[in-house]
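Chains L and S, in that order, give the protein sequences.
Using the numbering used here, read the first sequence as starting at 1 and increasing by one per residue.
Using the numbering used here, read the second sequence as starting at 1001 and increasing by one per residue.
Using N, Cα and C, we set each Cβ at its ideal position, and we do this for glycine too.
Protein chains: 2
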Amino acid sequence: MTKQKATNVTWHDGEISREDRYSILHQRGATIWFTGLSGSGKSTIAVALEQALYKIGKLSYRLDGDNVRLGINKNLGFSEEDRKENIRRIGEVAKLFGDAGVISLSSFISPYKDDRDEVRELHEKAGLNFIEVFVDCSLAEAEKRDPKGLYKKARAGEIKNFTGIDDPYQAPVNPEIHLKTDVMTVEEEVKIILDHLHTNGLILQPQFTRADEITQSAAL
Amino acid sequence: MTKQKATNVTWHDGEISREDRYSILHQRGATIWFTGLSGSGKSTIAVALEQALYKIGKLSYRLDGDNVRLGINKNLGFSEEDRKENIRRIGEVAKLFGDAGVISLSSFISPYKDDRDEVRELHEKAGLNFIEVFVDCSLAEAEKRDPKGLYKKARAGEIKNFTGIDDPYQAPVNPEIHLKTDVMTVEEEVKIILDHLHTNGLILQPQFTRADEITQSAAL
């Protein structure tokens, strides 16, 4: 006999709801918003987190300069107005992803508190999860790493308005997660975020829904 | 013994790829782009398709005026330039969804061939599936339905530049799917789209991955 076990799946004639989508994915949509200096480790952590989520069958999607600046925001420059609009649009895209059920991982310096707070407000008004992750790294350490050689250019005056050099970085006052990348390993950082997702009920059971896992349990 | 059955899941240390995401979802990301007159039935079909996909455990997400005009495009008006930018941004968002693995359902009149072709090109350049669905309805029938009372207002001159009245609708020349809503039922229309998705390998096995289904097969 076939028994209905899952209580979070409802069937109805109306429109498919956010909760319905979450039940397909066994996860709640969320926006994980990494903010920090250039070279602080935002992308490195996002990539490692994406892998860790994939391992437990969870869908995440990274939003970064590569797929945003060349796409939806390709008509934006670096004026104050455009930088603000850049973050606003990313926030709106992240919101749509969260509504769809995806855990989006946004890696942008996003130096201004007001801009980040607006994105947070967008999410909270829509009842969506917004997790601000302060990727805290000393300027000295970020500048030592300088993975893209940008600090060197900024110091040489070849790049203007560079965050940390001649433009301010406004640190989050009360972020959901505070990572100190001067002293933590990437593994530790990923674990902190995963724990947060578990503790806040964003990762639902069953954890394993990938084709191989399903086939495996059937074969046991 | 646990045997690796699925051949489409690869494990690696690098970044998670589009194919990895597709393997989690058992579907390929795709943009289903409904175009047609106001009142032609775009949203009705999208809602019915969303339900049908949910029933087989597939994740879709509707993009429409409600979540786009009030969000990512809230700073756009109805000038020619803004209407073009409206469609461009929706196309970019749909592209991100497709890359993430989601089947997005875009319901916008999108009356101009050039704008739609640009969205198609965006997708094709990125190796993403773009399915243009011409929701073909006679003006007489659409005006008879007039679900939002907009034709009445346009005829009375209260709305200017209304597609089909004082602004052109450029029908798709070679859409992937052509639905004639004057004569087809919504059920028939949904079946045509689902058949297209199956035929083109966008819906992968196993079809049932929702919690209830997994629990059911384990209990059998």
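LEU1063/S sits buried, since 16 or more C-beta atoms from the chains shown fall within 10 Å of its C-beta.
As computed with DSSP, ILE103/L is found in a beta bridge with ALA30/L and SER60/L.
Checking the DSSP bridge columns, you'll see ASP167/L partnered with THR163/L.
A residue is called buried once 16 or more other Cβ atoms fall within 10 Å of its Cβ, and HIS198/L, having fewer, is exposed. For LEU150/L, the enclosing alpha helix (DSSP H) covers residues 150-155. As the crow flies, the alpha-carbon of ILE131/L is around 30 Å from that of ALA154/L. When CB distances to chain S are screened at a threshold of 8 Å, the residues of the region 93-117 of chain L falling below it are VAL93, LYS95, LEU96, PHE97, ASP99, ALA100, GLY101 and VAL102, in chain order. In the three-state reduction of the DSSP assignment, GLU1176/S falls in the coil class, being assigned neither a helical nor a strand state. For ASP195/L, the closest Cβ of chain S is not nearer than 8 Å. Neighbours of GLU1050/S in chain L, taken as residues whose beta carbon is under 8 Å from its own, are GLU15 and ILE16 in chain order.
For ASN1129/S, the enclosing beta strand (DSSP E) covers residues 1129-1136. Within its own chain, the residues whose Cβ lies closer than 6 Å to the Cβ of TYR22/L, once the five positions on either side in sequence are excluded, are ARG28 and GLY101, listed in chain order.
Between ILE1087/S and VAL1133/S, the C-beta spacing is not below 8 Å. A check of alpha carbon separations from GLU188/L across ALA142/L, LEU49/L and SER106/L identifies LEU49/L as the nearest. Along the region 130-157 of chain L, none of the residues has a CB nearer than 7 Å to a CB of chain S. Using a Cβ-Cβ cut-off of 8 Å, ILE72/L is close to ILE1072, ARG1089, GLU1092, VAL1093 and LEU1096 of chain S, given in chain order.
Burial is judged here by how many other beta carbons sit within 10 angstroms of a residue's own beta carbon; ASN1073/S has at least 16 and is buried. At a cut-off of 8 Å between beta carbons, ILE24/L contacts chain S.
The continuous alpha helix (DSSP H) containing ALA1140/S extends over residues 1139-1145.
The count of Cβ pairs closer than 8 Å, one atom from the region 133-146 of chain L and one from the region 30-50 of chain L, reaches three, so the stretches are in contact. The C-beta distance from GLY57/L to ILE1016/S rounds to 12 Å, too long to fall under 8 Å, and the pair is not in contact. Identification of residues in the region 1161-1182 of chain S having a C-beta nearer than 8 Å to some C-beta of chain L yields an empty set. Judged by pairs of C-beta atoms under 8 Å, the region 1074-1081 of chain S does not touch the region 108-117 of chain L, as fewer than three such pairs exist. At a beta-carbon threshold of 8 Å, the residues of chain L lying near LEU1059/S are ARG21, ILE24, LEU25, ALA100 and GLY101, ordered along the chain.
Between the C-alpha atoms of ASP146/L and LEU1122/S there is a straight-line separation of about 33 Å. Taking 8 Å as the cut-off, the beta carbon of SER1106/S is found no closer than this to the beta carbon of SER1060/S.
With contacts defined as CB atoms closer than 8 Å, ALA1052/S and LEU1139/S fail to qualify as a contacting pair. A Cβ-Cβ distance of about 12 Å is found for the pair ALA30/L and LEU204/L, leaving them out of contact under the 8 Å criterion. VAL1047/S belongs to the set of residues whose beta carbon lies under 8 Å from a beta carbon in chain L. Note that the C-beta distance between LEU96/L and VAL1093/S is below 8 Å. Cβ-Cβ separation between THR35/L and ARG116/L: approximately 6 Å, consistent with a contact (criterion under 8 Å).
About 33 Å separates the beta carbons of ASP20/L and TYR1151/S, which is beyond the 8 Å limit, so they are not a contact pair.
The beta carbon of ASN1161/S sits closer than 8 Å to those of PHE1078 and ASP1167, all from its chain and outside the five residues before and after it, given in chain order. The residues LEU37, PRO111 and THR163, in chain order, have a CB closer than 7 Å to that of TYR169/L in the same chain once the five nearest residues on each side in sequence are set aside. Following the DSSP letters along the chain, one finds ARG1069/S in no alpha helix (DSSP H), marked with neither H nor E. Under the 8 Å criterion on CB atoms, ASN1200/S is classed as non-interfacial with respect to chain L.
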